[in-house]
Amino acid sequence: MRTPLRPLARILKARETGENPDVIEAENRARRHAAAQDKARNRAEGRLLLLGLMFFCAFIVIGARMGTLASSVPEEPRAAAEGNPIIGQRSDIVDRNGRLLATNLDTYSLYAHPHQMVDPVRTATQLAAIFPEMNEERLIADFTGQRRFLWLRRQLSPEQMQAVHDIGSPGLLFGPREMRLYPNGALAAHILGGARYGREGVSSAEVIGVAGVERQFDAFLRDPANEGAPLQLSIDLSIQAATEQVLAGGMSLMNAKGATAVLMDIHSGEIIAMASLPDFDPNNRPQVATTGDQSDSPLFNRAVQGVYELGSVFKIFAVAQAMELGLINANTMIDTTNPLTWGRFRIRDFRNYGPQNSATNVIVKSSNVGTARIAMQIGGERQRSFLGQLGLLQATPVEMIEAPTGAPLLPRNWSEISTMTISYGHGLSSSPLHLAAAYAAMVNGGTKVEPTLLVNPVPTPGPRVVSQAVSDSIVNMLRLTVTEGTASMGDVEGYEVGGKTGTADKPRAAGGGYYPDKVIATFASVFPASDPQYVLIVTLDEPIETSGTEPRRTAGWTAVPVAAEIIRRTAPLLGLRPQMDMGEPVGITLTSN
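As numbered in the working numbering, residues 36 to 628 make up the sequence shown, in order.
What follows is the structure in structure tokens.
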């Protein structure tokens, strides 16, 4: 309760004693004022303390934020955009040893806001001087018209960017983005394929694959969940470069219109090198041809998309199947009387090899007649089943977007004459990659192989196609073909090359038979024959060897020397040590220490 200024008890007592009651009122009033002052002072001190604490906390927060900003990487502020973000980062592609095949490069795009230009005519004139491909009149029309946004260049070099900066027009703007870069140029162009821009914005653009593994693995390469992990291929950059270099030289020397080579590990199916010529630079990928023969385009991958009648390289399949079925062995004598007549058809050999030859000599000498007679024993149904087991009747499963387009061409009616002609490589068209996988199954001990462009460190054996004994016999036949037969120019000292030649007449593009002077020359090789590790397929399109008095087109003169040089160059890179015959020691005397 509030104390009164003039309490009655004290006033009555003061009157009795003769004191002045006004003094009591003055004392109580002074005491009340002192109490009010103390209360106001305490309230003010509390508020100052609270305000001081608030300022202290604020300075702590500001100091912590300033420390965080000082330790972070400076970035330009970016406006938030609605909708799905454009994914700009794309993973690298590397070879089996981690060497770079494809990567990203930071660059800038150039776009214009014409309504912000001070002098659009002068700007258009100076831009046309920097970029000769731009039309000055078109730029003036765009800059002085109603357009408010205009893309000018998707990519700029640093020099071009500086030149545009020097124009000084506020209506010319730059947008950061990434471009796909292939640092090795045309090397492995058909494998990599290429990329282009998809959705584009002023601050970024998505890069999407258009062909090859760039298209096949597009989702993987663009997936942020991979955290930038590269796509590792099975090819070896050094071996790929050596293969392409030798193949280009061989294509020129043999006057061929095209060439392809496939080098494959026979156990894992890993493609160590795969080349197709002519090729292109994926940094500046050409447009798809709209006229003419698509197979003549540099974009055409002859190793995967090119399906050809490959000729006598198919003979090994007929002999292997007959041996697996127990119909013949390596020494069985085969009737090779020339020609073999079937109705109105005549099957002939390149030259007369006599009335009989062993199954081994049928391969070594490359007898069409002998192979056809073996195929007749096998029969069409069993032949078709065997070729299907080898993967020769469907598209290869290799990881390329183009693989389904390289499906083999089969005869409409698998008749007896088809069985005979297919046995020596006519009447069925397949790709060099098909052939590589089939030969790998023949020489790796007899198990099916599926080609792959990815590293396969722990290969799983496929289903068995032929026995180990038959596979060993096949390797021996292939080796004899090089040392004694049609592929004598394919022998590489120290590497025990085995192989089979194939020279197939080229069918006319419009149908109606074959060209009389155009062939597809192929050499299917394996090395080293004592312990098979790799298979190499070399195919030349329309080769002509002209060093002699008459032009020569057979594979023994064209594809075989090219394959031999590829083996000579790549075998050391593969880690294969040459096997040298040192001969008997002469004049050596052993002494003791």
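Every residue, glycine too, gets a C-beta built ideally from N, C-alpha and C.
Bear in mind the structure is a predicted one, so any value in this text is a computation, not a measurement.
Take the Cβ of Ala115 as the centre, count every other Cβ of all protein chains shown within 10 Å, and call the residue buried at 16 or more, exposed below.
-> Numbered from 1 along the sequence shown, position 80 holds the residue referred to as residue 115. For Ala115, the pLDDT reaches just 48, beneath the cut-off of 50, and the residue's location in the model is therefore unreliable, leaving the point undetermined.
Kindly indicate which residue of Arg231, Ser144, Gln197 has the alpha-carbon position closest to the one of Leu187.
-> Counted from its first residue, the sequence shown places residue 187 at position 152. That would be Ser144, whose Cα lies nearest to the Cα of Leu187.
Where does Asn628 land, buried or exposed, given buried means 16+ other C-beta within 10 angstroms?
-> Position 593 of the sequence shown, counted from the start, is the residue given in the question as residue 628. Only weak support is given to the placement of Asn628: the predicted model assigns it a pLDDT of 39, under 50, and the value that follows is read from those uncertain coordinates. Under this definition Asn628 is an exposed residue.
Beta-carbon proximity list for Ser464, same chain, < 7 Å, skipping 5 on both sides | Position 429 of the sequence shown, counted from the first residue, corresponds to residue 464. Here the set comprises Val342, Tyr343, Glu344, Pro443, Leu444.
Proximal residues to Pro596 (C-beta, below 6 Å), its chain only, five neighbours per side dropped = The residue given as residue 596 occupies position 561 in the sequence shown. Cβ neighbours of Pro596 beyond the five flanking positions: Met524.
Going by the CB atoms, is the gap between Ile369 and Arg408 shorter than 7 Å?
-> To locate residue 408, count along the sequence shown from 1; it is residue 373. To locate residue 369, count along the sequence shown from 1; it is residue 334. Yes.
Contact between the stretch 188-204 and the stretch 154-163 (3+ Cβ pairs under 8 Å) | yes
Just grab the DSSP bridge partners of Tyr143 for me.
-> Here residue 143 corresponds to residue number 108 of the sequence shown, with the count starting at 1. In the DSSP output, where bridge partners are listed per residue, Tyr143 has Leu191, Pro211.
Other residues of its chain near Pro333: CB distance less than 7 Å, five sequence neighbours each side excluded = Taking the first residue of the sequence shown as 1, we reach residue 333 at position 298. Cβ neighbours of Pro333 beyond the five flanking positions: Pro313, Asp314, Phe315, Pro321.
So what's Ile413 in DSSP terms, helix, strand or just coil?
-> One-based indexing of the sequence shown puts residue 413 at position 378. Helix, per DSSP.
Identity of the residue in Tyr388, Ile226, Gly426 nearest Glu434 by Cα = Taking the sequence shown and counting its residues from 1, one reaches residue 434 at position 399. Among Tyr388, Ile226, Gly426, the Cα nearest to that of Glu434 belongs to Ile226.
Can you tell me which of the three DSSP states Ile4 falls into?
-> Summary: the structure shown does not reach residue 4, with the chain confined to residues 36 through 628, and so no result is reported for it.
Do you know offhand how far Gln356's Cα is from Gln190's?
-> On the sequence shown, position 321 is the one that residue 356 refers to. On the sequence shown, position 155 is the one that residue 190 refers to. If you take the alpha carbons of Gln356 and Gln190, they lie about 57 Å apart.
Could you tell me how far apart the beta carbons of Asn290 and Ile579 are, in whole angstroms, since I believe they sit closer than 8 Å?
-> Translated into the one-based positions of the sequence shown, residue 290 becomes position 255. Translated into the one-based positions of the sequence shown, residue 579 becomes position 544. About 5 Å separates the two Cβ atoms, so the contact holds.
Identify the continuous alpha helix (DSSP H) that holds Val248 and give its terminal residues.
-> Here the question's residue 248 lines up with position 213 in the sequence shown. Segment 247-251, the alpha helix (DSSP H) holding Val248.
Could you check how far apart the C-beta atoms of Ser273 and Thr295 are, in whole angstroms? I think they sit under 8 Å.
-> Position 238 of the sequence shown, counted from the first residue, corresponds to residue 273. Position 260 of the sequence shown, counted from the first residue, corresponds to residue 295. That pair is no contact at about 19 Å.
From Glu134 to Ile436, what does the alpha carbon distance come to, in whole angstroms?
-> Working through the sequence shown from its first residue, we reach residue 134 at position 99. Working through the sequence shown from its first residue, we reach residue 436 at position 401. Looking at the sequence shown, residue 134 is not Glu but Arg. Between Arg134 and Ile436, the C-alpha separation is close to 23 Å.
For Phe252, the nearest candidate out of Gln267, Thr456, Glu262, Ser466 (CA to CA) = Numbered from its first residue, the sequence shown carries residue 252 at position 217. Of the candidates Gln267, Thr456, Glu262, Ser466, the one whose C-alpha sits nearest the C-alpha of Phe252 is Gln267.
Which residue's Cα is closest to the Cα of Gly405: Ile351, Val510, Gly415, Leu427?
-> Here residue 405 refers to the residue found at position 370 of the sequence shown. Checking every option, the nearest Cα to that of Gly405 belongs to Ile351.
Counting only runs of 3+ residues fully inside the stretch 152-192, write out the beta strand (DSSP E) ranges in chain order.
-> 185-191
Cβ pair Val484, Gly304 closer than 7 Å = Locating residue 484 in the sequence shown gives position 449, where the first residue counts as 1. Locating residue 304 in the sequence shown gives position 269, where the first residue counts as 1. Contact: yes.
In whole angstroms, what separates the C-alpha of His3 from that of Ala539?
-> The requested residue 3 does not occur in the structure, where the chain is confined to residues 36 to 628.
By how many angstroms is the C-alpha of Asn364 removed from the C-alpha of Thr431?
-> Against the sequence shown, residue 431 aligns to sequence position 396. Against the sequence shown, residue 364 aligns to sequence position 329. Rounded to the nearest angstrom, the two C-alpha atoms are 31 Å apart.
Taking the CB atoms as reference points, tell me whether Ile398 and Val354 lie closer together than 7 Å.
-> Position 363 of the sequence shown, counted from the first residue, corresponds to residue 398. Position 319 of the sequence shown, counted from the first residue, corresponds to residue 354. The answer is yes: Cβ separation under 7 Å.
Ordered list of beta strand (DSSP E) runs contained in the stretch 376-423, each at least 3 residues | 380-382, 391-393
Since I believe Gly426 is in contact with Ala475 (beta carbons under 8 Å), could you give me their beta-carbon distance rounded to a whole number of angstroms?
-> Taking the sequence shown and counting its residues from 1, one reaches residue 475 at position 440. Taking the sequence shown and counting its residues from 1, one reaches residue 426 at position 391. The pair is not a contact, with the Cβ atoms about 10 Å apart (cut-off 8 Å).
Under the three-state reduction of DSSP, which class applies to Ile91: helix, strand or coil?
-> Working through the sequence shown from its first residue, we reach residue 91 at position 56. As written in the sequence, residue 91 is Phe, which differs from the Ile given in the question. Phe91: helix per DSSP, three-state reduction.
Alpha-carbon to alpha-carbon, Glu168 and Val199 | By one-based count along the sequence shown, residue 199 stands at place 164. By one-based count along the sequence shown, residue 168 stands at place 133. Cα-Cα distance, rounded: 15 Å.
Pick from Val561, Met455, Thr395 that is closest to Gly378, judged by C-alpha positions = Indexing the sequence shown from 1 puts residue 378 at position 343. Taking only the C-alpha atoms, the option nearest Gly378 is Met455.
Pick from Arg182, Leu488, Ser458, Gly98: whose alpha carbon is nearest that of Asp300?
-> Translated into positions along the sequence shown, residue 300 becomes position 265. For the residues Arg182, Leu488, Ser458, Gly98, the minimum Cα distance to Asp300 belongs to Leu488.
Rounded C-beta distance between Val527 and Ala599? I'm assuming under 8 Å.
-> As a position in the sequence shown, residue 527 is number 492, starting the count at 1. As a position in the sequence shown, residue 599 is number 564, starting the count at 1. Confirmed, Cβ separation roughly 5 Å.
Between which two residues does the alpha helix (DSSP H) carrying Val517 extend?
-> Here residue 517 refers to the residue found at position 482 when the sequence shown is read from its first residue. Start and end: 503-518.
Which residue comes first and which comes last in the alpha helix (DSSP H) that contains Met455?
-> Here residue 455 refers to the residue found at position 420 when the sequence shown is read from its first residue. Element bounds for Met455: 451-458.
When DSSP labels each residue in this structure, what does Ala471 get in the three-state scheme?
-> By 1-based counting over the sequence shown, the position of residue 471 is 436. If DSSP states are grouped into helix, strand and coil, Ala471 belongs with the helices.
Looking only at DSSP bridge pairs, what is Thr541 linked to?
-> Mapped onto the sequence shown, residue 541 falls at position 506. Before going on, a small fix: residue 541 reads as Lys here, not Thr. Answer is none; Lys541 lacks a bridge partner.
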